[in-house]
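As given, the protein sequences belong to chains P and A, one line each in that order. Everything in the first sequence is counted per the working numbering, starting at 1 for the first residue and increasing by one. Everything in the second sequence is counted per the working numbering, starting at 344 for the first residue and increasing by one. Every residue, glycine too, gets a C-beta built ideally from N, C-alpha and C. This one's a predicted model, so the numbers in the text were calculated from it and none came from an experiment.
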Amino acid sequence: MSVRVENLAVDLGTFHLQNINLTLKEGDFFALMGPTGAGKSVLLEALVGLVPLISGEIFIDERKITNLAPEKRGISIVYQDYALFPHLTVLDNIRYGLRFNPFKRGEVAVDELISLLELGHLLKRYPATLSGGEQQRVALARALAVSPDILLLDEPLSALDPNFRQDLRAHLKTLHQASGATFLMVTHDFSEALSLAQRAAVMNQGVLEQVGAIEEIFCRPTTTMVADFVGMKNLFKVKFSGSTAQAAGLEIKVGKESRAQGYIAIRPEDLILSKEPLISSVQNSFAGSVVAIRSHGFFYEIDVAVNSLIFTAVITNHAFFDLEPTVGDGFFVSFKATAVHLL
Amino acid sequence: MRKESFLWFALGSSFIVLLFITVPLLRMVSAPTLSSLWETIRDPEVYRSIWLSLYTGISAALICFVFGTPLAYLLARSEFHGKKIVEAIVDLPIVIPHPVVGIALLGLVGKNFWLGRVMQELGVRIVGSPAGIIMVMTFVGLPFYLQAAKEGFASVSPRLEHVSRSLGASMFATFVGVTFPLAWRSILSGIIMCCARAISEFGAIVIIAYHPMIAPVLMFERFQSFGLRYSQPVAVWLIVVCLLLFLSLRLVGGGAQKVRSGRRAGSRV
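As structure tokens, this is what we get:
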């Protein structure tokens with residue numbers, strides 16, 4: 001189902017939200033990003049109906065739910081710390097919501113979730129005896145067992161060990177496709193957002209700085225805060241074949257093999273600009289032309305267009321005066337295969 | 344290696360404190376002979392008074408449980424103007440001298456006040472009756488129950504309640520299904536504390552109800568009329584019965600929880 005938030009404002013003293021306008025499309029996987037203390041979790045709790053609103057309206061499929069009790073909204077929430085009921089077994093945790101949601105598919109949904117999330121061997125255990133990854137899978141199963149229209153995820157992966165994180169990320173993707181629910185995930189990890197979400201918003205100090213498609217936020221930040229937050233420039237959508245990535249007619253060596261499609265990112269300081277091509281077996285070197293030059297005091301940012309890709313390089317003042325680039329000049333952009341981050 | 348002198352001081356004073364508590368009790372428990380204990384418990388006046396102490400104390404604890412639980416929950420969960428005042432009011436029964444409590448309650452239910460007269464008209468006897476004893480015990484026991492229950496509720500993460508609500512449970516269903524079971528150990532402790540406090544009350548009860556005699560009043564009377572040797576066995580019996588009661592409550596109420604989770608209920612944030 002779609003969600004629409006209009007002019008929402010919350011004041012909790014330490015946390016406040018202002019002028020929040022947001023639309024989630026049906027079946028969306030939406031990432032809500034921002035630094036710690038930005039108010040992301042408060043927005044989730046406002047959607048569930050757990051914090052009082054000063055103003056604003058919330059709609060689900062054009063049905064106003066602003067004044068509805070949390071239990072009547074059809075919105076499930078999964079917390080970072082899992083919040084499993086410690087006095088109930090895994091199975092009782094998962095089935096918890098069923099008695100309040102007497103729909104026919106309940107038991108079937110539970111069985112499906114248990115096999116999808118590989119929880120079959122844990123059903124009789126108590127949460128205190130589970131690993132972090134297992135607990136988070138139980139929390140997901142519990143939230144989805146009631147077939148919610150919308151699932152809110154509050155940093156679902158950040159408390160997990162890196163290897164569990166990969167695993168759960170894959171599970172999230174499967175669950176999103178299988179459940180058909182609209183997912184809203186809070187995260188501060190960009191690669192997480194990129195690999196899961198289609199659309200995203202960046203929040204800062206209780207205000208939404210930018211809302212849009214995830215690549216757009218990455219490539220075209222509209223405020224300096226978003227640009228800083230996003231950090232990594234040179235993000236390209238690519239097709240992989242073997243250990244090369246293809247984009248805009250370029251064959252970029254990435255050093256390792258990857259799945260069929262995805263993103264690559266290169267830090268601006270890892271790009272080398274030169275007037276002559278650099279010849280080396282591990283390096284990528286492409287001819288392009290300078291399209292923009294920005295001075296930042298101690299360093300310069302140079303945008304170089306190669307076919308339809310814009311590479312942004314950072315060079316020192318010293319290098320700048322050696323190269324003396326001007327807009328329109330031809331330059332080679334070079335970088336090592338190991339400097340390419342696969343997302 | 345030389346130990347810190349402060350450590351020796353701490354150990355020494357701890358020892359003194361423990362002795363100060365245990366020695367008088369041990370002395371009293373060991374004073375009566377077995378035959379005098381046996382004789383005492385066969386005395387109808389004694390076992391009637393112990394039974395009266397027990398059932399009025401348990402009734403008071405149950406009343407505190409029924410009426411105090413919602414207040415304890417509110418105090419643990421919500422912030423409101425005047426919360427500090429409410430908390431201070433709740434603690435009043437602890438700080439007020441016991442005879443003052445008796446006098447205050449007597450002023451309410453005695454013949455000199457309309458409430459007392461109305462109740463007398465209706466045939467409800469408070470003064471000099473078990474009902475009066477239960478009323479006093481509830482008054483003095485409430486703070487102990489409220490404090491323990493409040494702490495129990497506060498230790499349950501609000502996130503567990505939030506999740507429960509988002510899964511479709513109403514506020515009441517959440518309380519019954521999540522909050523209460525997780526706070527149960529503290530609640531049980533509160534019931535036991537409240538009950539113990541109620542059974543130990545003397546000063547307020549002698550004012551409202553000298554008769555029927557609860558065990559402490561009987562001890563006092565035997566001490567006054569016959570001396571120490573005649574009140575000690577009653578005291579021993581009261582201690583034994585109370586310890587058995589509280590022990591069995593702990594076993595019955597706490598055993599099931601222990602199996603389920605090793606650590607403290609859901610307080611992770």
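Check                                                                                                                         : Outcome
Beta strand (DSSP E) runs wholly inside the region 248 to 294 of chain P, at least 3 long, in chain order                     : 250 to 253, 261 to 266 and 272 to 274
Assigned secondary structure, L91(P) (DSSP; H/G/I helix, E/B strand, else coil)                                               : helix
E209(P) versus N67(P), A265(P) and G39(P), residue with shortest Cα-Cα distance                                               : G39(P)
DSSP bridge partner residues for R4(P) (one or two, in chain order)                                                           : T23(P) and F59(P)
Beta-carbon gap between T517(A) and R508(A) smaller than 8 Å                                                                  : yes
Cβ pair count under 8 Å reaching 3, the region 48 to 63 of chain P against the region 104 to 121 of chain P                   : no
Beta-carbon proximity of V577(A) to V560(A), cut-off 8 Å                                                                      : no
Chain-order list of residues whose beta-carbon lies under 8 Å from that of A193(P) (same chain, five-residue window excluded) : A31, M33, M185, T187, A200 and I214
Check: L91(P) C-beta below 7 Å from any heavy atom of the ligand HEM                                                          : You won't find the ligand HEM in this model; it holds no ligand whatsoever.
Cβ neighbour criterion (16 or more within 10 Å) applied to V602(A)                                                            : In this predicted model, V602(A) has a pLDDT of only 40, less than 50, meaning its place in the structure is not dependable; the value taken from the coordinates is given anyway. Looking at its Cβ environment, which holds fewer than 16 other Cβ atoms inside 10 Å, V602(A) is exposed.
Through-space distance from C537(A) to C585(A), alpha-carbon basis                                                            : 12 Å
Chain A within 8 Å of G97(P), Cβ atoms only                                                                                   : yes
Assigned secondary structure, I65(P) (DSSP; H/G/I helix, E/B strand, else coil)                                               : coil
Neighbour-count burial assignment, R542(A), 16 or more Cβ in a 10 Å radius                                                    : This sequence places Ile at residue 542(A); Arg is not what is there. The residue in question, I542(A), is buried, as its Cβ has 16 or more Cβ neighbours within 10 Å.
is_contact[L172(P), chain A] using C-beta, thresh 8 Å                                                                         : no
Within-8 Å CB hit, R385(A) to chain P                                                                                         : no
F183(P) in three-state terms, based on DSSP                                                                                   : strand
Of the residues N234(P), I65(P) and D322(P), the one placed nearest V304(P), counting alpha carbons only                      : N234(P)
V479(A) vs E544(A) beta-carbon contact at 8 Å                                                                                 : yes
CB contact check: H121(P) to chain A, cutoff 8 Å                                                                              : no
Closer than 8 Å to chain P by CB, A608(A)                                                                                     : Here A608(A) scores only 40 on pLDDT, less than 50, and its place in the model is too uncertain to base an answer on.
Cβ of H87(P) within 8 Å of any chain A Cβ                                                                                     : yes
For S327(P), three-class secondary structure by DSSP                                                                          : According to the sequence as given, residue 327(P) is Val; it is not Ser. In this structure, V327(P) counts as coil in the three-state DSSP scheme.
Euclidean distance between Cα positions of L449(A) and A139(P)                                                                : 56 Å
Below-8 Å beta-carbon distance, L53(P) vs any chain A residue                                                                 : no
Selection of the region 515 to 537 of chain A by Cβ proximity to chain P, strictly under 8 Å                                  : A516, G520, V521, P524 and L525
Cα-Cα separation, D81(P) to R125(P)                                                                                           : 18 Å
Contact with chain P by L417(A), beta-carbon distance below 8 Å                                                               : no
When D154(P), G180(P), P221(P) and I272(P) are compared against D189(P), the one with the closest alpha-carbon                : D154(P)
DSSP state of S334(P) mapped onto helix, strand, coil                                                                         : strand
F240(P), enclosing beta strand (DSSP E) - first and last residue                                                              : L235 to S241
Every unbroken beta strand (DSSP E) inside the region 564 to 590 of chain A [3 residues or more]                              : none
Per-residue burial, A431(A) [other beta carbons within 10 Å of its own, 16 or more giving buried]                             : exposed
For A178(P), three-class secondary structure by DSSP                                                                          : helix
Ranges of the alpha helix (DSSP H) found wholly within the region 366 to 427 of chain A, counting only runs of at least 4     : 377 to 385 and 387 to 420
DSSP-derived helix/strand/coil call for Q246(P)                                                                               : strand
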